[in-house]
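Notes follow once the structure below has been shown.
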Amino acid sequence: MLRLNLSAEPRWLDLGHGVRLLVEPLTTAIMLAARSDPTIVAAATDAEDSASNDDLARIVAKAVARIVVKDWEGIGDDDGNPLPLTPEGIEALLELWPIFEAFQTKYIAGALILDAEKNV
331 MLRLNLSAEP RWLDLGHGVR LLVEPLTTAI MLAARSDPTI VAAATDAEDS ASNDDLARIV
391 AKAVARIVVK DWEGIGDDDG NPLPLTPEGI EALLELWPIF EAFQTKYIAG ALILDAEKNV
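In our numbering, the protein residues as written are 331 to 450.
Following this line, the structure appears as structure tokens:
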């Protein structure tokens, strides 16, 4: 059975290491908006020549994150001072492997899997 979560409210996503992101639900509209992102369009154009599946996954994750992340916790500068949420900060955050992997697994893949055990 497919279980639908009809809430459009953002929710906190725990990525480990003390990092949490406030994210909007992943919807068709968000995925379509992400696909229009210039970085994805450029990567798709180059896909036949150079971009690997891993490169595309990274580019898509960043494009989606720039749209859906509304706040964050547990992100600081070298002195431990909290950093404000910025598109550049999201890019840098998703360059950290454990954070990228958690975002992919808990948010992107979790929203795309439509089986009886995992859909929400």
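Glycine is no exception: its CB is placed at the ideal position from the N, C-alpha and C atoms. Please read all numbers here as calculations on a predicted model, not as lab measurements.
(request) Identify, in the order they occur along the chain, each residue of the same chain with its Cβ nearer than 8 Å to the Cβ of I360, setting aside the five sequence neighbours on each side. (result) Hits under 8 Å: E354, V394, I397, V398.
(message) When you compare the CB positions of K400 and E421, do they come within less than 8 Å of one another, or not?
(response) Contact: no.
(message) If I follow the unbroken alpha helix (DSSP H) through D384, where does it start and stop?
(response) From DSSP, the alpha helix (DSSP H) with D384 extends over 383-398.
(message) Taking only three categories from DSSP, how would you classify E403?
(response) In the structure shown, E403 falls within a strand segment according to DSSP collapsed to helix, strand and coil.
(request) Taking 8 Å as the cut-off, decide whether the C-beta atoms of V390 and A432 are in contact. (result) Taking 8 Å as the Cβ cut-off, V390 and A432 do not qualify as a contacting pair.
(request) Spatial neighbours of Y437 within its chain, please: CB distance less than 7 Å, with the 5 preceding and 5 following residues excluded, ordered by chain position. (result) If the five residues before and after Y437 are omitted, its C-beta is found closer than 7 Å to the C-beta atoms of L343, V353, L356, all from its own chain and listed in chain order.
(request) Take the Cβ of L424 as the centre, count every other Cβ of all protein chains shown within 10 Å, and call the residue buried at 16 or more, exposed below. (result) Under this definition L424 is a buried residue.
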